[in-house]
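Enquirer: Right, I'll just put the structure down here and ask away after.
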Amino acid sequence: MNPRRLFSRTKLYWGLALICLIGALASPHTSSGANIFLSYQNLTDVLRQVSVTGLVATGMTIVILLGGIDLSVGSVMGCSSVICAMLLTKSGWTPAAIMGAPAATISIALAVGFLAQFVFNGLERGRDVDAGRRREIVLGPWRGYRIPVLLGLAAGAAVAAYVVSQVPAKFGVFAVLLVTPCFALALGAINGALIVQGGLQPFIATLAMMVSALGIGRLTGGQDFAVIPVYTGTNATEAFEVLRSMVWGLIPMPSIFFLVTIVLFGAILRFTTFGRYVYAIGGNVEAAKLSGVKVKQVQFAAYVISGLLAGVAGVLFVAQYRQGKPDAGAGLELDAIAAVVIGGTSLMGGRGGLAGTFVGVLIFGLLSDILQLQNIDSNVQLLMKGLIIVGTVLVQEQNLGQLLARWRGVPLAPQPALPGSVEAARPPNAAKASTVREDIHEKT
Amino acid sequence: MKRREFLKLSGTIAGAAMTVYLPAGWTPAKAAAKWKVGFSQATTLEPWRVQFNKDIEAEAKKHPEVQLIITDGQDKTEKQVADVENLIVQQVNALLISPKESAGLTGVVEKAIDAKIPVIVLDRNVDTKRITQFIGGDNVLIGKAAGEYAVKLLGGPGNAHGNVVEIWGGMGTAPAHDRHDGFHAFTDKEPGIKYLLNNQSGDWKQDKAYNIMTTALRNNEKIDLVYGHNDPMAYGAYLAAKDAGRDKDIKFILGIDALPDEGVTWVHKGYLTATFLYATPGAEGLRQAVKLLNGEKIPPVITLPTMLVDKNNADDILKQNGLL
């Protein structure tokens, strides 16, 4: 690959590097002369601050790659924060426990059941001598459904027993981490069902969920609690502080959640059949359908994942800011979409990926940090963020040769287009050429 | 599953959910009330508004002759306008309103006055002289009280010294500007006081203030006093300092609002140095409405006083509210 094309492909990373450079050069210094921006604490702080948005943006990337959108994540995150705070601070069958326990039981039961079936399927496929050739796999009644159902029921029963045992006292850290995301997952599943089975537009279905989840959060909290405060050690278990601690004094816990999640889903998107299906469906739904891809299942899974990650984000929000509130995630969905778009994922679906989203999230976080360190007026900060979104997306959409050509004043030459880029579909000079030909035609 | 079956099923589930949840949000009307008083609340998402509603409901319980109808504008001007129109149609005897914003609600308030309904405006005013009464706190006054107290903490008038972090409420909201102006009326006279931040807005939110403070702590080695435009932001700043291991270095943290389960609790626990009461006009509003309905004359403006809440009186306030 020639160096210019390489540079053009990696320009997002250069953008990130540029922002870091600006941050380092412009950074204020401590009295001992150390650079504040580059200090380890500051950089880990940024990584922590972007974790909530990052988790949500990870789920959002998968949904957007499919050509969908999930507007409900902010509300679902807020609702989850209420559930989490309530489970932590109140004992007995609170509304949070009433909704969370069945949600956890059912989701875990289904997850284990499907996982068992998936494993049996995989084993059967592996026996096939003709590996790589597609064929229908037919399992017997035992491996086909009896064992998966039994395993699912067993797992569900175990979870139910565990959760119910937590109810009389306040929930512990592990129980909260189990129940809250499962609850959010259930909301995501409703989104998915409405879109896949109900045939609703993703925009409409998730918009409805965005409004409803806010309502659910407020009803759950009750009119008396616009905010549920969490005082670890007083009204909640002290162990909950683990979720905001520095692990080995090196890296904040929320960042670990974020990094593990994004690496995990990055690998899933890149190396698994599910991941390839996501791109295939996002690129062309009809073609994917005709090729035998189970479109509905993949779409459903994407919204479930998005809900699940919003739930995890809700728990981390409670841990960091010691409160659960229904409107905790107001505007979060838009931050997440912005990060995804800055990362180069197309809102049309089928193009982009989690590496870009990771950079997009970091660009947003670093920018906030730099502006804050420079002590810039809050209103100006908003303006700058808007400009950055427009700027990065503009640069993303064009390849570097074109940008440079324009700056040098050289007329656009037909570029060897990047595979999958907009230019591949539309050669830059085609439109011009046809109009010229028409002119000639009229004159003659 | 066919699409129609699915829709039917989801309809059933939604219906079931409604029947479970609706009773929670529905209050039956009092039958034997003499007066119907409507109260249009702007939103119930903020704790201060929740306290506001609690206060007015508690006061309504003391007046069995009054049936109180509360509506929630859900932080949207259009919704609140519709709420007030609905109350006009219900022919309430008096209308209490706490508008989300001044300009958008003025028209519908005039419509109520045209319908011969006396209007008492609470907390934020509307742009008309025809209302019967306005009740509200004075944010400039509260800001001044906080400023005067801050100067005293930092060494007294004339020789106050210290680095101050001020965390703004929502930019472009009147209370934030008033709380800023009032505070600066005192602190700007002190050459020893230095402001470290330039208009940094936490948007009234604990989490945003936390992040602002985290950076401020990184950027400044010495911070003496934090002034948050409300208690959650002051508390957020405290949490940031605590997580950075520097809560002991910061001598004073001041907030505003003094809600029993927020600011007062935090003062009691020693997280905040002091907070200043921004009383809700809920109880006073209903008392005035009852007076008016009974034919008494009421003054056109009532300004609610503020109060310093520090470790000396926090415990008493918590006891009065049954929180201790």
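Each protein sequence line maps, in turn, to chains A and B.
Going by the numbering used here, 426 is the number at position 398 of the first sequence; the sequence numbering is gapless.
Going by the numbering used here, 39 is the number at position 36 of the second sequence; the sequence numbering is gapless.
Using N, Cα and C, we set each Cβ at its ideal position, and we do this for glycine too.
These figures come from a predicted structure and were not determined experimentally.
Taking the alpha carbon of A/Ala358 as the reference point, which residue from B/Ile120, B/His183, B/Asp206 has its own alpha carbon closest?
Expert: B/Asp206
Enquirer: Would you tell me roughly how many angstroms separate the C-alpha atoms of B/Leu48 and B/Tyr281, rounded to the nearest one?
Expert: 17 angstroms
Enquirer: Would B/Gly273 count as contacting chain A if we go by Cβ distances under 9 angstroms?
Expert: no
Enquirer: Of the choices B/Asp141, B/Thr131, B/Asp117, B/Ala85, whose alpha-carbon is the least far from that of B/Ser105?
Expert: B/Thr131
Enquirer: Using a Cβ-Cβ cutoff of 9 angstroms, what residues of the stretch 203-236 of chain A are near chain B? List them in chain order.
Expert: Ile218, Ala221, Leu222, Gln225, Gly226, Gly227
Enquirer: If we count the other Cβ atoms within 10 Å of its Cβ and call it buried at 16 or more, is B/Thr276 buried or exposed?
Expert: Answer is buried; the Cβ neighbour count reaches 16.
Enquirer: Spell out a yes or no on whether the stretch 362-380 of chain A and the stretch 76-89 of chain A are touching, meaning 3 or more CB-CB pairs, one atom from each, closer than 8 angstroms.
Expert: yes
Enquirer: Which full runs of the alpha helix (DSSP H) of 4+ residues lie inside the stretch 309-377 of chain A, going along the chain?
Expert: Fully enclosed alpha helix (DSSP H) runs of 4 or longer: 313-318, 323-349, 360-370.
Enquirer: State buried or exposed for B/Thr15, treating a residue as buried only when at least 16 other CB atoms are found within 10 Å of its CB.
Expert: exposed
Enquirer: Taking the alpha carbon of B/Ile138 as the point to measure from, which residue in B/Leu321, B/Arg290, B/Asn162 has its own alpha carbon closest?
Expert: B/Arg290
Enquirer: Whose Cβ in chain B lies nearer than 8 angstroms to the Cβ of A/Leu401?
Expert: Thr218, Arg221, Asn222
Enquirer: So does the stretch 140-159 of chain B actually touch the stretch 182-190 of chain B, counting three or more Cβ pairs closer than 8 angstroms?
Expert: Yes: the two stretches touch, three or more of their Cβ pairs being nearer than 8 angstroms.
Enquirer: For B/Gln44, which three-state DSSP category applies?
Expert: strand
Enquirer: Whole alpha helix (DSSP H) runs in the stretch 215-266 of chain B with 4 or more residues, listed along the chain?
Expert: 234-246
Enquirer: Please state the DSSP three-state secondary structure of B/Ser13.
Expert: helix
Enquirer: Write down the C-beta distance between B/Val167 and B/Tyr230 rounded to the nearest angstrom, noting that I regard them as a contact closer than 8 angstroms.
Expert: 6 angstroms
Enquirer: Looking only at its chain, what residues have a beta carbon closer than 7 angstroms to the beta carbon of A/Gln145, apart from the 5 residues adjacent to it on each side?
Expert: Same-chain partners within the cutoff: Pro176.
Enquirer: Please report how far the alpha carbon of B/Ile73 lies from the alpha carbon of B/Pro67, in whole angstroms.
Expert: 16 angstroms
Enquirer: Which residue's Cα is closest to the Cα of A/Ala132: A/Pro196, A/Cys107, A/Cys210?
Expert: A/Cys210
Enquirer: With a cut-off of 8 angstroms, do at least 3 Cβ pairs link the stretch 34-46 of chain B to the stretch 69-89 of chain B?
Expert: Touching, yes.
Enquirer: Is the Cβ-Cβ distance between A/Ala185 and A/Gln194 less than 9 angstroms?
Expert: no
Enquirer: So that I know if they touch, is there some Cβ in chain A lying closer than 9 angstroms to that of B/Lys33?
Expert: Only weak support exists for where B/Lys33 lies, its pLDDT of 49 falling under 50; the value from the coordinates is given anyway. No, no contact with chain A.
Enquirer: Excluding the 5 residues flanking B/Val312 on each side, which residues of the same chain have their C-beta closer than 8 angstroms to its C-beta?
Expert: Ala261, Gly266, Val267, Val270, Ala277, Thr278, Phe279, Leu280, Ile320
Enquirer: Just to confirm before moving on: does the CB-CB distance between A/Ala254 and B/Arg52 stay below 9 angstroms?
Expert: A contact, by the Cβ cut-off of 9 angstroms.
Enquirer: For a contact defined as C-beta to C-beta under 8 angstroms, what are the partners of A/Ala254 on chain B?
Expert: Within chain B, the C-beta atoms nearer than 8 angstroms to that of A/Ala254 come from Thr47, Leu48, Glu49, Pro50, Arg52, Val53, in chain order.
Enquirer: Along chain B, in chain order, which residues have C-beta atoms closer than 8 angstroms to that of A/Tyr349?
Expert: Gln209, Asp210, Tyr213, Gly239, Leu242
Enquirer: Quick one: grab the DSSP three-state call for A/Val78.
Expert: coil
Enquirer: Cutting at 7 angstroms between CB atoms, please list the residues of its own chain near B/Val355, excluding the five before and the five after it.
Expert: Since the first and last residues shown for chain B are 4 and 327, residue 355 of chain B lies out of range.
Enquirer: Could you tell me which chain A residues have their CB closer than 8 angstroms to the CB of B/Met236, listed as they occur along the chain?
Expert: Residues of chain A passing the Cβ test: none, with the nearest at roughly 11 angstroms.
Enquirer: Between A/Tyr3 and chain B, is any beta-carbon pair separated by less than 9 angstroms?
Expert: This structure gives no information on residue 3 of chain A, because the portion of chain A shown stretches from 29 to 472.
Enquirer: Compute the beta-carbon to beta-carbon distance between A/Thr265 and A/Leu116, rounded to the nearest angstrom, for a pair I have assumed lies under 8 angstroms.
Expert: 7 angstroms
Enquirer: Consider the Cβ of A/Arg379: report whether some Cβ of chain B lies at a distance smaller than 9 angstroms.
Expert: no
Enquirer: Return yes when the Cβ of A/Pro257 is within less than 9 angstroms of the Cβ of A/Arg350, no when it is not.
Expert: Contact: yes.
Enquirer: Assuming B/Ala63 is part of the beta strand (DSSP E), what are its boundary residues?
Expert: No beta strand (DSSP E) contains B/Ala63, which is instead part of the alpha helix (DSSP H) from 50-64.
Enquirer: Anything in chain A within Cβ reach of B/Leu10, meaning under 8 angstroms, just list it in chain order.
Expert: Gly226
Enquirer: Based on the DSSP output, what are the partners of B/Thr306 in its beta bridges?
Expert: B/Gly139
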